[in-house]
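Engineer:
Numbering (this note's numbering), first residue to last: 1 to 346.
1. For residue 296, does the count of other Cβ atoms within 10 angstroms reach 16, so buried, or fall short, so exposed?
2. Let's test the definition: count the other Cβ atoms within 10 Å of the Cβ of residue 156 and tell me whether it reaches 16, buried, or not, exposed.
3. Counting only runs of 3+ residues fully inside the region 23 to 69, write out the beta strand (DSSP E) ranges in chain order.
4. Going by Cα to Cα distance, which pick from 75, 34, 57 is closest to residue 50?
5. If you draw a straight line from the alpha carbon of residue 336 to that of residue 109, how long is it in whole angstroms?
6. Between residue 324 and the rest of its own chain, which residues show a CB-CB distance below 7 Å, the 5 nearest in sequence each way excluded?
7. At what residue ranges does the region 116 to 197 contain a whole run of the alpha helix (DSSP H), taking only runs of 4 or more?
8. Run through DSSP, which three-state label would residue 272 get?
9. Taking 6 Å as the limit between beta carbons, can you name the residues of its chain near residue 261, skipping five residues before and five after?
10. What residues are listed by DSSP as bridge partners for residue 222?
11. Residue range of the beta strand (DSSP E) that residue 19 falls in?
12. Quick test of your reading: residue 179 and residue 150, contact by CB under 8 Å. State the CB separation rounded to the nearest angstrom.
13. Near residue 268, what residues of its chain come up, given a Cβ to Cβ distance below 7 Å and the 5 sequence neighbours on each side ignored?
14. May I ask you to list the residues that DSSP assigns as paired with residue 205?
15. Comparing C-alpha positions only, which one of 32, 22, 24, 38 sits nearest to residue 12?
16. In three-state DSSP terms, what is residue 265?
17. Ignore the nearest five residues each way along the sequence and tell me which others in residue 257's own chain have a CB closer than 7 Å to its CB.
18. Which residues bound the beta strand (DSSP E) around residue 100?
19. Quick one: what's got a C-beta closer than 8 Å to residue 72's C-beta in the same chain, skipping five residues either side?
20. Round the Cβ separation of residue 255 and residue 319 to the nearest angstrom and send it over; I've been treating them as touching at under 8 Å.
21. Do the CB positions of residue 215 and residue 44 come within less than 7 Å of each other?
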(Lines of atoms letter the chains of each structure in order from A and count residues from 1; the text may use other names and numbers.)
(Lines give C-alpha, C1' and ligand atoms only; values in the text may rest on other atoms or scores of the structure.)
Protein backbone atom coordinates (compact mmCIF):
# COMPACT_ATOMS: atom_id res chain seq x y z
CA UNK A 1 0.00 0.00 0.00
CA UNK A 2 1.39 3.45 -0.81
CA UNK A 3 2.77 5.56 2.00
CA UNK A 4 1.62 8.86 0.51
CA UNK A 5 -1.74 10.15 -0.67
CA UNK A 6 -0.13 12.42 -3.32
CA UNK A 7 -1.25 11.92 -6.91
CA UNK A 8 1.36 12.98 -9.44
CA UNK A 9 0.55 16.44 -10.78
CA UNK A 10 -2.11 17.15 -8.14
CA UNK A 11 -2.19 18.56 -4.64
CA UNK A 12 -2.04 15.99 -1.83
CA UNK A 13 -5.07 15.24 0.30
CA UNK A 14 -5.51 17.29 3.47
CA UNK A 15 -3.58 15.60 6.30
CA UNK A 16 -5.51 12.92 8.20
CA UNK A 17 -8.60 13.46 6.04
CA UNK A 18 -9.93 9.87 6.47
CA UNK A 19 -10.05 10.45 10.21
CA UNK A 20 -12.95 12.83 9.59
CA UNK A 21 -14.93 9.61 9.02
CA UNK A 22 -13.22 7.75 11.86
CA UNK A 23 -11.16 5.73 9.36
CA UNK A 24 -7.48 5.05 10.04
CA UNK A 25 -6.05 4.28 6.59
CA UNK A 26 -3.52 5.53 4.04
CA UNK A 27 -5.47 6.48 0.89
CA UNK A 28 -4.50 4.40 -2.14
CA UNK A 29 -4.94 6.43 -5.38
CA UNK A 30 -7.12 4.86 -8.07
CA UNK A 31 -6.54 5.34 -11.78
CA UNK A 32 -9.31 6.10 -14.26
CA UNK A 33 -12.77 7.46 -13.60
CA UNK A 34 -13.84 11.07 -13.30
CA UNK A 35 -12.04 13.14 -10.72
CA UNK A 36 -9.66 11.91 -8.05
CA UNK A 37 -10.51 8.75 -6.11
CA UNK A 38 -8.83 6.66 -3.43
CA UNK A 39 -9.38 3.31 -1.80
CA UNK A 40 -9.34 3.11 1.99
CA UNK A 41 -8.73 -0.21 3.74
CA UNK A 42 -9.18 -0.27 7.50
CA UNK A 43 -10.32 -2.77 10.13
CA UNK A 44 -11.42 -5.38 7.62
CA UNK A 45 -13.57 -2.93 5.64
CA UNK A 46 -12.92 -1.04 2.42
CA UNK A 47 -14.20 2.34 1.29
CA UNK A 48 -14.10 4.65 -1.72
CA UNK A 49 -13.03 8.25 -1.11
CA UNK A 50 -13.96 10.73 -3.87
CA UNK A 51 -13.00 14.34 -4.40
CA UNK A 52 -15.04 17.17 -5.95
CA UNK A 53 -12.91 20.10 -7.06
CA UNK A 54 -15.79 22.60 -6.95
CA UNK A 55 -18.52 20.91 -4.93
CA UNK A 56 -22.13 21.82 -5.61
CA UNK A 57 -23.32 21.27 -2.06
CA UNK A 58 -27.01 21.35 -2.86
CA UNK A 59 -26.79 18.90 -5.76
CA UNK A 60 -24.51 16.52 -3.87
CA UNK A 61 -26.72 16.75 -0.81
CA UNK A 62 -29.84 15.83 -2.78
CA UNK A 63 -28.01 12.92 -4.38
CA UNK A 64 -26.81 11.68 -1.00
CA UNK A 65 -30.32 11.88 0.44
CA UNK A 66 -31.75 9.89 -2.45
CA UNK A 67 -29.03 7.22 -2.22
CA UNK A 68 -29.49 6.87 1.52
CA UNK A 69 -33.27 6.47 1.08
CA UNK A 70 -32.83 3.85 -1.63
CA UNK A 71 -30.37 1.95 0.55
CA UNK A 72 -32.79 2.11 3.50
CA UNK A 73 -35.53 0.73 1.24
CA UNK A 74 -33.44 -2.40 0.67
CA UNK A 75 -32.28 -1.60 -2.86
CA UNK A 76 -28.66 -2.33 -3.91
CA UNK A 77 -27.50 1.27 -3.57
CA UNK A 78 -24.50 2.22 -1.44
CA UNK A 79 -25.40 5.07 0.88
CA UNK A 80 -22.68 7.65 1.61
CA UNK A 81 -20.84 7.18 4.90
CA UNK A 82 -21.48 10.07 7.35
CA UNK A 83 -18.43 11.81 8.78
CA UNK A 84 -18.05 12.21 12.53
CA UNK A 85 -20.01 15.47 12.38
CA UNK A 86 -22.92 13.67 10.70
CA UNK A 87 -22.41 15.23 7.27
CA UNK A 88 -21.88 13.13 4.17
CA UNK A 89 -19.97 15.85 2.32
CA UNK A 90 -16.79 17.14 3.94
CA UNK A 91 -15.27 20.36 2.56
CA UNK A 92 -11.57 20.99 3.12
CA UNK A 93 -9.37 23.45 1.30
CA UNK A 94 -12.26 24.42 -0.97
CA UNK A 95 -12.66 20.83 -2.20
CA UNK A 96 -15.44 18.41 -1.35
CA UNK A 97 -15.00 14.81 -0.24
CA UNK A 98 -17.39 11.90 0.13
CA UNK A 99 -16.92 8.30 1.28
CA UNK A 100 -18.85 5.21 0.22
CA UNK A 101 -18.57 1.54 1.12
CA UNK A 102 -16.42 -0.25 -1.45
CA UNK A 103 -18.56 -1.81 -4.20
CA UNK A 104 -17.83 -5.52 -4.32
CA UNK A 105 -18.92 -7.84 -7.11
CA UNK A 106 -18.05 -7.96 -10.78
CA UNK A 107 -19.26 -6.42 -13.99
CA UNK A 108 -21.31 -8.47 -16.42
CA UNK A 109 -22.21 -7.71 -20.01
CA UNK A 110 -25.95 -7.53 -20.60
CA UNK A 111 -25.68 -10.32 -23.17
CA UNK A 112 -24.34 -12.64 -20.46
CA UNK A 113 -27.61 -12.45 -18.54
CA UNK A 114 -30.29 -15.11 -18.77
CA UNK A 115 -33.79 -14.01 -19.73
CA UNK A 116 -34.86 -14.34 -16.09
CA UNK A 117 -31.96 -12.14 -15.00
CA UNK A 118 -32.86 -9.59 -17.69
CA UNK A 119 -36.41 -9.46 -16.36
CA UNK A 120 -35.17 -9.05 -12.78
CA UNK A 121 -32.85 -6.27 -13.89
CA UNK A 122 -35.76 -4.44 -15.53
CA UNK A 123 -37.79 -4.87 -12.35
CA UNK A 124 -34.87 -3.43 -10.36
CA UNK A 125 -34.85 -0.30 -12.54
CA UNK A 126 -38.61 -0.08 -12.02
CA UNK A 127 -38.19 -0.29 -8.25
CA UNK A 128 -35.56 2.44 -8.39
CA UNK A 129 -37.95 4.64 -10.37
CA UNK A 130 -40.83 3.97 -7.99
CA UNK A 131 -38.77 4.56 -4.86
CA UNK A 132 -37.14 7.71 -6.24
CA UNK A 133 -40.61 9.07 -6.95
CA UNK A 134 -41.66 8.28 -3.38
CA UNK A 135 -38.65 9.78 -1.60
CA UNK A 136 -37.97 12.84 -3.77
CA UNK A 137 -41.52 14.07 -4.28
CA UNK A 138 -43.61 14.61 -7.41
CA UNK A 139 -42.12 15.85 -10.68
CA UNK A 140 -43.83 18.21 -13.10
CA UNK A 141 -45.53 15.97 -15.65
CA UNK A 142 -44.77 17.90 -18.81
CA UNK A 143 -41.48 18.93 -20.29
CA UNK A 144 -39.87 20.08 -23.50
CA UNK A 145 -37.34 17.53 -24.73
CA UNK A 146 -34.85 19.04 -27.20
CA UNK A 147 -34.60 17.16 -30.48
CA UNK A 148 -31.51 17.01 -32.66
CA UNK A 149 -31.87 18.47 -36.16
CA UNK A 150 -31.03 16.37 -39.22
CA UNK A 151 -29.86 19.45 -41.17
CA UNK A 152 -27.37 20.37 -38.44
CA UNK A 153 -26.11 16.79 -38.25
CA UNK A 154 -25.67 16.63 -42.04
CA UNK A 155 -23.77 19.92 -42.03
CA UNK A 156 -21.48 18.55 -39.31
CA UNK A 157 -20.82 15.40 -41.34
CA UNK A 158 -20.09 17.49 -44.45
CA UNK A 159 -17.62 19.60 -42.48
CA UNK A 160 -15.95 16.48 -41.12
CA UNK A 161 -15.66 15.02 -44.60
CA UNK A 162 -14.18 18.26 -45.93
CA UNK A 163 -11.61 18.26 -43.15
CA UNK A 164 -10.62 14.60 -43.52
CA UNK A 165 -7.48 13.99 -45.51
CA UNK A 166 -7.03 10.70 -47.32
CA UNK A 167 -3.49 9.65 -46.48
CA UNK A 168 -3.91 6.26 -48.08
CA UNK A 169 -4.26 4.35 -44.80
CA UNK A 170 -7.00 1.87 -44.03
CA UNK A 171 -8.07 4.03 -41.10
CA UNK A 172 -8.54 7.08 -43.32
CA UNK A 173 -10.58 5.04 -45.77
CA UNK A 174 -12.74 3.70 -42.91
CA UNK A 175 -13.26 7.23 -41.60
CA UNK A 176 -14.51 8.50 -44.95
CA UNK A 177 -16.74 5.46 -45.43
CA UNK A 178 -18.37 5.79 -42.01
CA UNK A 179 -18.99 9.50 -42.47
CA UNK A 180 -20.53 8.96 -45.90
CA UNK A 181 -22.72 6.14 -44.59
CA UNK A 182 -24.02 8.40 -41.83
CA UNK A 183 -24.62 11.21 -44.33
CA UNK A 184 -26.72 8.87 -46.49
CA UNK A 185 -28.76 7.69 -43.50
CA UNK A 186 -29.41 11.25 -42.35
CA UNK A 187 -30.57 12.20 -45.83
CA UNK A 188 -32.82 9.13 -46.08
CA UNK A 189 -34.48 9.58 -42.68
CA UNK A 190 -34.51 13.39 -42.42
CA UNK A 191 -38.32 13.43 -42.29
CA UNK A 192 -38.45 10.99 -39.34
CA UNK A 193 -37.63 13.57 -36.66
CA UNK A 194 -39.60 13.03 -33.42
CA UNK A 195 -41.59 15.89 -31.84
CA UNK A 196 -39.98 18.08 -29.19
CA UNK A 197 -42.88 17.76 -26.76
CA UNK A 198 -42.77 14.49 -24.85
CA UNK A 199 -45.98 13.41 -23.10
CA UNK A 200 -44.46 10.39 -21.37
CA UNK A 201 -44.59 9.94 -17.61
CA UNK A 202 -41.81 12.04 -16.07
CA UNK A 203 -39.87 11.15 -12.93
CA UNK A 204 -36.48 10.92 -11.30
CA UNK A 205 -33.96 8.95 -13.33
CA UNK A 206 -30.72 7.21 -12.46
CA UNK A 207 -29.35 8.83 -15.61
CA UNK A 208 -26.71 6.25 -16.56
CA UNK A 209 -28.17 2.78 -16.01
CA UNK A 210 -25.86 0.46 -17.96
CA UNK A 211 -23.43 -2.41 -17.42
CA UNK A 212 -20.57 -0.11 -16.44
CA UNK A 213 -22.50 0.97 -13.34
CA UNK A 214 -23.77 -2.45 -12.27
CA UNK A 215 -22.00 -4.95 -10.02
CA UNK A 216 -23.12 -8.55 -9.57
CA UNK A 217 -22.62 -10.84 -6.58
CA UNK A 218 -21.90 -14.56 -6.60
CA UNK A 219 -25.63 -15.32 -6.73
CA UNK A 220 -25.86 -13.56 -10.08
CA UNK A 221 -28.04 -10.80 -8.64
CA UNK A 222 -27.11 -7.10 -8.73
CA UNK A 223 -25.11 -6.23 -5.63
CA UNK A 224 -24.62 -2.52 -6.35
CA UNK A 225 -25.96 0.15 -8.68
CA UNK A 226 -23.32 2.86 -9.13
CA UNK A 227 -23.11 6.05 -11.20
CA UNK A 228 -25.52 8.23 -9.25
CA UNK A 229 -23.75 11.45 -10.25
CA UNK A 230 -26.02 11.36 -13.31
CA UNK A 231 -29.24 11.54 -11.23
CA UNK A 232 -31.69 13.68 -13.19
CA UNK A 233 -35.31 14.20 -14.22
CA UNK A 234 -36.94 13.08 -17.45
CA UNK A 235 -39.31 10.63 -19.17
CA UNK A 236 -39.21 7.20 -17.52
CA UNK A 237 -39.75 5.49 -20.87
CA UNK A 238 -36.66 7.21 -22.20
CA UNK A 239 -34.47 5.74 -19.48
CA UNK A 240 -35.96 2.26 -19.86
CA UNK A 241 -35.40 2.24 -23.63
CA UNK A 242 -31.97 3.85 -23.39
CA UNK A 243 -30.85 1.35 -20.76
CA UNK A 244 -32.07 -1.58 -22.86
CA UNK A 245 -30.23 -0.27 -25.91
CA UNK A 246 -26.99 0.03 -23.92
CA UNK A 247 -27.33 -3.28 -22.12
CA UNK A 248 -28.34 -5.51 -25.01
CA UNK A 249 -26.49 -4.13 -28.03
CA UNK A 250 -24.60 -6.94 -29.76
CA UNK A 251 -21.75 -4.72 -30.91
CA UNK A 252 -21.93 -5.81 -34.54
CA UNK A 253 -24.41 -6.04 -37.41
CA UNK A 254 -26.78 -8.14 -35.27
CA UNK A 255 -27.95 -4.91 -33.65
CA UNK A 256 -30.00 -5.42 -30.51
CA UNK A 257 -30.87 -8.69 -28.78
CA UNK A 258 -34.61 -8.04 -28.87
CA UNK A 259 -35.50 -11.10 -26.80
CA UNK A 260 -33.45 -9.80 -23.88
CA UNK A 261 -34.80 -6.31 -24.49
CA UNK A 262 -38.34 -7.60 -24.14
CA UNK A 263 -37.50 -9.51 -20.95
CA UNK A 264 -35.96 -6.35 -19.46
CA UNK A 265 -38.98 -4.21 -20.40
CA UNK A 266 -41.35 -6.87 -19.09
CA UNK A 267 -39.61 -6.66 -15.73
CA UNK A 268 -39.88 -2.87 -15.60
CA UNK A 269 -43.53 -3.02 -16.59
CA UNK A 270 -44.24 -5.33 -13.62
CA UNK A 271 -43.36 -2.41 -11.32
CA UNK A 272 -44.07 0.82 -13.23
CA UNK A 273 -47.14 1.34 -15.42
CA UNK A 274 -46.22 2.81 -18.77
CA UNK A 275 -47.93 2.13 -22.10
CA UNK A 276 -46.88 1.01 -25.54
CA UNK A 277 -47.24 4.51 -26.98
CA UNK A 278 -44.76 6.00 -24.51
CA UNK A 279 -42.28 3.19 -25.15
CA UNK A 280 -42.50 3.50 -28.92
CA UNK A 281 -42.05 7.26 -28.69
CA UNK A 282 -38.93 6.67 -26.60
CA UNK A 283 -37.61 4.10 -29.09
CA UNK A 284 -38.12 6.59 -31.92
CA UNK A 285 -36.26 9.30 -30.00
CA UNK A 286 -33.41 7.00 -28.90
CA UNK A 287 -32.81 5.89 -32.48
CA UNK A 288 -32.99 9.47 -33.79
CA UNK A 289 -30.52 10.86 -31.28
CA UNK A 290 -28.02 8.12 -32.15
CA UNK A 291 -28.52 8.84 -35.84
CA UNK A 292 -27.78 12.54 -35.31
CA UNK A 293 -24.87 11.96 -32.92
CA UNK A 294 -22.08 13.18 -35.17
CA UNK A 295 -19.92 14.15 -32.19
CA UNK A 296 -19.26 10.49 -31.37
CA UNK A 297 -18.27 9.86 -34.98
CA UNK A 298 -15.80 12.73 -34.82
CA UNK A 299 -14.30 11.46 -31.56
CA UNK A 300 -14.02 7.95 -32.90
CA UNK A 301 -12.61 8.63 -36.34
CA UNK A 302 -11.10 12.11 -36.20
CA UNK A 303 -9.54 11.89 -32.75
CA UNK A 304 -7.69 8.97 -31.24
CA UNK A 305 -7.76 5.76 -33.21
CA UNK A 306 -10.62 3.48 -32.13
CA UNK A 307 -9.92 0.67 -29.73
CA UNK A 308 -11.31 -2.82 -30.19
CA UNK A 309 -15.08 -2.68 -30.48
CA UNK A 310 -15.16 1.10 -30.87
CA UNK A 311 -17.04 0.74 -34.16
CA UNK A 312 -19.96 -0.94 -32.40
CA UNK A 313 -22.17 2.20 -31.97
CA UNK A 314 -21.83 2.89 -35.70
CA UNK A 315 -22.98 -0.65 -36.50
CA UNK A 316 -25.96 -0.20 -34.15
CA UNK A 317 -27.09 2.98 -35.90
CA UNK A 318 -27.03 1.27 -39.31
CA UNK A 319 -28.87 -1.81 -38.01
CA UNK A 320 -31.45 0.23 -36.09
CA UNK A 321 -32.18 2.44 -39.10
CA UNK A 322 -32.76 -0.64 -41.26
CA UNK A 323 -34.97 -2.21 -38.57
CA UNK A 324 -36.80 0.84 -37.22
CA UNK A 325 -40.34 -0.52 -37.63
CA UNK A 326 -39.26 -3.88 -36.26
CA UNK A 327 -37.81 -2.32 -33.13
CA UNK A 328 -40.85 -0.11 -32.60
CA UNK A 329 -43.03 -3.21 -32.64
CA UNK A 330 -40.66 -5.38 -30.59
CA UNK A 331 -40.23 -2.86 -27.76
CA UNK A 332 -44.02 -2.51 -27.48
CA UNK A 333 -44.70 -6.25 -27.11
CA UNK A 334 -44.34 -6.37 -23.28
CA UNK A 335 -46.95 -3.58 -23.04
CA UNK A 336 -49.51 -5.21 -25.32
CA UNK A 337 -49.26 -8.93 -24.49
CA UNK A 338 -51.99 -10.52 -22.39
CA UNK A 339 -50.80 -11.70 -18.95
CA UNK A 340 -50.58 -15.47 -18.52
CA UNK A 341 -53.14 -15.46 -15.70
CA UNK A 342 -55.76 -13.67 -17.81
CA UNK A 343 -59.18 -15.39 -18.09
CA UNK A 344 -58.74 -15.01 -21.83
CA UNK A 345 -56.42 -18.00 -21.68
CA UNK A 346 -59.24 -20.19 -20.40
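Glycine included, each C-beta is placed from N, C-alpha and C at the ideal position. None of the values given here were measured: they were computed from a predicted structure.
Structural biologist: Considering the structure as presented:
1. One-based indexing of the chain shown puts residue 296 at position 296. Classification for residue 296: exposed.
2. For the purposes of this step, residue 156 is taken as the residue at position 156 of the chain shown. Result: buried.
3. List check, beta strand (DSSP E) in window: 28 to 30, 37 to 42, 45 to 52.
4. On the chain shown, position 50 is the one that residue 50 refers to. Check the Cα spacing between residue 50 and each of 75, 34, 57: the tightest is with 34.
5. Here residue 336 refers to the residue found at position 336 when the chain shown is read from its first residue. Here residue 109 refers to the residue found at position 109 when the chain shown is read from its first residue. Rounded to the nearest whole angstrom, the C-alpha separation of residue 336 and residue 109 is 28 Å.
6. What you label residue 324 is simply residue 324 of the chain shown in a count that begins at 1. Hits under 7 Å: 287.
7. Look at the region 116 to 197 and you find these whole runs of alpha helix (DSSP H), each 4 residues long or longer: 150 to 162, 170 to 188.
8. For the purposes of this step, residue 272 is taken as residue 272 along the chain shown, with counting starting at 1. Three-state DSSP puts residue 272 in coil, outside helix and strand.
9. Within the chain shown, the letter at position 261 stands for residue 261. Scanning its chain for C-beta atoms nearer than 6 Å, with the 5 sequence neighbours on each side dropped, one finds around residue 261 the residues 244, 248, in chain order.
10. Locating residue 222 in the chain shown gives position 222, where the first residue counts as 1. Bridge partners of residue 222: 216.
11. Reading the chain shown from its first residue, position 19 is the one you call residue 19. It is not in any beta strand (DSSP E) - residue 19 carries neither H nor E in the DSSP assignment.
12. Counting from 1 along the chain shown, the entry for residue 179 is found at position 179. Counting from 1 along the chain shown, the entry for residue 150 is found at position 150. About 15 Å separates the CB atoms of residue 179 and residue 150; that is not less than 8 Å, and the two are not in contact.
13. As a first step, residue 268 is located in the chain shown; it is residue number 268 there, counting from the start. Cβ within range, chain order: 122, 123, 125, 126, 240.
14. As a working note, residue 205 is residue 205 in the chain shown. DSSP lists 232 as partners of residue 205.
15. Residue numbering aside, residue 12 sits at position 12 when the chain shown is read from its first letter. Scanning 32, 22, 24, 38 for the CA closest to the CA of residue 12 turns up 38.
16. Numbered from its first residue, the chain shown carries residue 265 at position 265. DSSP places residue 265 in helix when its eight states are reduced to three.
17. Position 257 of the chain shown, counted from the start, is the residue given in the question as residue 257. Around residue 257, the same chain offers 111, 248, 250 as residues with beta carbons nearer than 7 Å, after the five sequence neighbours per side are excluded.
18. To locate residue 100, count along the chain shown from 1; it is residue 100. Residues 95 to 101.
19. Locating residue 72 in the chain shown gives position 72, where the first residue counts as 1. Within the same chain, Cβ atoms closer than 8 Å to the Cβ of residue 72 are found at 79, the five residues on either side in sequence being excluded.
20. Counted from its first residue, the chain shown places residue 255 at position 255. Counted from its first residue, the chain shown places residue 319 at position 319. Distance from residue 255 to residue 319 at the Cβ level is roughly 3 Å; contact confirmed, criterion being Cβ atoms closer than 8 Å.
21. Against the chain shown, residue 215 aligns to sequence position 215. Against the chain shown, residue 44 aligns to sequence position 44. Cβ atoms of residue 215 and residue 44: not closer than 7 Å.
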